[in-house]
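Listed in order, the protein sequences are those of chains D and W. Under our numbering, the first sequence has 70 at position 70, and the numbering climbs by one with no breaks. Take any residue in the second sequence, note its place counting from 1, add 1000, and you have its number in our numbering. Beneath this line is the structure, given in structure tokens, with notes to follow.
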Amino acid sequence: MAPAFSHRHLLGLEGLSADDLTTVLDLSDRFLEVAERPIKKVPTLRGKTVINLFLEASTRTRTSFELAAKRLSADAVNISGAASSTVKGETLIDTAKNLDAMAPDVIVIRHAQAGSAAMLAPHTRAAIVNAGDGAHEHPTQGLLDASTIRAHKRRIEGLSVCICGDIANSRVARSNIFALRTLGAHVRVAGPRTLLPLGIEKMGVDVFDSLDQGIEGADVVMMLRIQMERQAGGRFPNAREYSRYFGLNARRLSRAKPDAIVMHPGPMNRGVEIDPTVADSGRAVILEQVARGVAVRMAVLYLLAGGKDADGHGQ
Amino acid sequence: MFTVRSVVLDEVAVSRVLRRMAYEIAERAGPNVYLVGIQTGGAHLAARMAKILAHDADPHGKPRLGAVDITLYRDDLYLGQPKQELGRTDLPESVDGQTVVLVDDVLYTGRTVRAAMDVLLDYGRARAIHLAVMVDRGNRELPIQPDFVGVRVPTGPNESVRVMLQERGETDQVVLREKVG
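Given below as structure tokens:
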């Protein structure tokens, strides 16, 4: 049986089926093993080219994609914002067309504008992977979070997951809501009213403007970074007050289930959204999220660049 | 579509052949052999031979057991071949310095065995790698020869050999099938 995933690009998790998501998660579990080998490399994507087009600052996600490509023996090329022709005035579509002329198999794009990955897709023969587009989606982060939750809880269906913090500016929250809802979890969001977008209830989540209430009985507590660079700073008085009402500390965590895990997509603002004692405790699975990130990205690259599906779809 | 042309080995013969191969392995590859099955058929056969080795063939030996999945080592992905579901590579002990016997159910072109050797080499430097197959059906595309063979069945391009096993919910037997239509 071939994996059930017939999409040409990974632009977001919205609209992916439970089967699609489970296919990626199952594959990711298999790819974790590669990191434990003496030689952390398999020849699967030998001869394929992956371009990491990172037009917005990122170290962890870019490194994770680069490692994923290299562990599959693909050639990975990194283009960062400062080194790209976009600073010389070239449009994103022209950049895509020029990259396409060099015949890459996959283009991984990170961009500050929502919809940028989808905009590129029709202009290249390569598979496009969205590595974060503005406040829209960050699908591989959503997948690696789902993978981490599944590993700890053995399931996702029926779990209560509380996502707390800057929901309005968070592509991580959106991708997580799509994935976790599709896989049958109950999702709550909690944060200051000013950081909860209007109409968020329509995504099928329960909304709380108090973390104490939102966290009550949760199986998973997912803290988000306060994104000062996305004007989150003006929506609450100061970091100290934010920490007082929405920071995760041991006392507040005790309201969740006793075996609840704590997640954070990083980078953390220690002492703001998460207390160091919680971040460094045994309940936190933050570094495991990072480790699973490489495996999830290997699975995505394998599915998009590695041959055809049983029904003949593929590159 | 395939139709069964003949039964090459029945249930009793499968058991007898496995036992004979296990004894040969104990005799020629040494007492502390590392049996590594190629997923999935070879892994089942390796597990059975490890049991035989542990109980009968070599009471002093300690056969070790592992399995390799070759999906990530296929040499045809760049040609746009179908994506396979990934199996599990599970080598509980290091292969460094070990005498490894790779086990597979059917040896045909040799490409699977080539890939399995690549997997093993990525895990360490075995002292020696031998090859044991239940059925050698010929038609090699690579210079690979088995060290231990259950049965040789010369086949044509329109034929296939299927090893049916209890572990897959079937009755143990080896059948020769012919493509129809």
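Beta carbons: idealized from backbone N, C-alpha and C, even for Gly.
Chain D residues whose Cβ lies nearer than 7 Å to that of arginine 980/W: Past the boundaries of the shown model lies residue 980/W; chain W is included only from 1001 to 1181, so the question cannot be answered.
Test: aspartate 1122/W CB closer than 7 Å to a CB of chain D: What you label residue 1122/W is simply residue 122 of the second sequence in a count that begins at 1. The beta carbon of aspartate 1122/W falls within 7 Å of a beta carbon belonging to chain D, placing the residue at that interface.
Counterpart residues of threonine 1003/W in DSSP-defined beta bridges: Here residue 1003/W corresponds to residue number 3 of the second sequence, with the count starting at 1. Residue pairing for threonine 1003/W: DSSP places it in a beta bridge opposite Glu1178/W.
Chain W contact for isoleucine 51/D (CB, 7 Å cutoff): For the purposes of this step, residue 51/D is identified with residue 51 of the first sequence, where counting begins at 1. So no, isoleucine 51/D is outside the interface.
Simplified DSSP state of serine 175/D, which is helix, strand or coil: As a working mapping, residue 175/D is identified with position 175 in the first sequence. DSSP places serine 175/D in helix when its eight states are reduced to three.
Contacts that proline 320/D makes with chain W (C-beta to C-beta distance below 7 Å): The structure shown does not extend to residue 320/D, since chain D is modelled only from 1 through 315, so no value can be given for it.
Candidates Gly271/D, Gly266/D, Val221/D, Pro139/D: closest to alanine 190/D by CA position: Numbered from its first residue, the first sequence carries residue 190/D at position 190. Just measuring C-alpha positions, the residue of Gly271/D, Gly266/D, Val221/D, Pro139/D sitting nearest alanine 190/D is Val221/D.
Integer-rounded CB distance, given that valine 1180/W should sit under 8 Å from methionine 1049/W: What you label residue 1049/W is simply residue 49 of the second sequence in a count that begins at 1. What you label residue 1180/W is simply residue 180 of the second sequence in a count that begins at 1. With a Cβ gap of about 34 Å, methionine 1049/W and valine 1180/W do not count as contacting.
Cβ pair count under 8 Å reaching 3, the stretch 1085-1098 of chain W against the stretch 1107-1118 of chain W: No, the stretch 1085-1098 of chain W does not touch the stretch 1107-1118 of chain W.
Inter-residue Cα distance where the pair is aspartate 1075/W and alanine 1126/W: Counted from its first residue, the second sequence places residue 1075/W at position 75. Counted from its first residue, the second sequence places residue 1126/W at position 126. As the crow flies, the alpha-carbon of aspartate 1075/W is around 23 Å from that of alanine 1126/W.
Below-7 Å beta-carbon distance, glutamine 1034/W vs any chain D residue: The sequence position of residue 1034/W within the second sequence is 34, counting from 1. Reading the sequence as shown, one finds tyrosine at residue 1034/W and not glutamine. False, the Cβ-Cβ gap to chain D never drops below 7 Å.
Where serine 281/D falls: helix, strand or coil (DSSP): Numbered from its first residue, the first sequence carries residue 281/D at position 281. In the structure shown, serine 281/D sits in coil (DSSP, three-state: anything other than H, G, I, E or B).
Backbone CA spacing between glycine 1138/W and asparagine 78/D [nearest angstrom]: In the second sequence, residue 1138/W corresponds to position 138, counting from 1. In the first sequence, residue 78/D corresponds to position 78, counting from 1. In this structure, the CA atom of glycine 1138/W is about 46 Å from the CA atom of asparagine 78/D.
Identity of the residues DSSP links to isoleucine 109/D by a beta bridge: If you number the first sequence from 1, residue 109/D lands on position 109. Assignment of beta-bridge partners to isoleucine 109/D by DSSP yields Leu53/D, Asn130/D.
Outcome for arginine 30/D when other beta-carbon atoms lying within 10 angstroms are tallied against a minimum of 16: As a working mapping, residue 30/D is identified with position 30 in the first sequence. With 16 or more other Cβ atoms within 10 Å, it is buried.
Short CB-CB distance (under 7 Å) between leucine 1086/W and chain D: The residue you call residue 1086/W lines up with position 86 of the second sequence. Yes, leucine 1086/W lies at the interface with chain D (some Cβ there is under 7 Å from its Cβ).
Chain-ordered neighbours of proline 326/D on chain W, where CB pairs are closer than 8 Å: Any question about residue 326/D goes unanswered here, given that chain D covers just 1 to 315.
C-beta neighbour in chain D for leucine 1102/W, strict 7 Å: Here residue 1102/W is taken as the residue at index 102 of the second sequence, counted from 1. Cβ-Cβ to chain D under 7 Å: no for leucine 1102/W.
Unbroken beta strand (DSSP E) run spanning asparagine 78/D, endpoints: Taking the first residue of the first sequence as 1, we reach residue 78/D at position 78. Residues 75-80.
Alpha helix (DSSP H) runs contained entirely in the stretch 179-250 of chain D, provided each spans 4 or more residues: List check, alpha helix (DSSP H) in window: 211-214, 239-246.
Cross-strand partners of isoleucine 274/D (DSSP beta bridge): Counted from its first residue, the first sequence places residue 274/D at position 274. Beta-bridge partners of isoleucine 274/D (DSSP): Leu248/D, Arg270/D.
Local conformation of glycine 312/D per DSSP, three classes: Residue 312/D sits at position 312 when you count from the first residue of the first sequence. The predicted model places glycine 312/D with a pLDDT of 48, which falls under 50 and marks its position as unreliable, so this point remains unresolved.
Unbroken alpha helix (DSSP H) run spanning glycine 293/D, endpoints: Counting from one through the first sequence, the residue named residue 293/D turns up at place 293. Segment 286-305, the alpha helix (DSSP H) holding glycine 293/D.
Residue-level contact to chain W via CB, arginine 174/D, 7 Å cutoff: The residue labelled residue 174/D in the question sits at position 174 within the first sequence. With a threshold of 7 Å between beta carbons, arginine 174/D makes no contact with chain W.
Classification of aspartate 166/D by the beta-carbon crowding that lies within 10 angstroms, buried from 16 upward: Translated into the one-based positions of the first sequence, residue 166/D becomes position 166. By the neighbour-count rule (16 or more Cβ atoms within 10 Å), aspartate 166/D is buried.
Cross-strand partners of threonine 318/D (DSSP beta bridge): Nothing can be reported for residue 318/D, as the shown portion of chain D is limited to 1 through 315.
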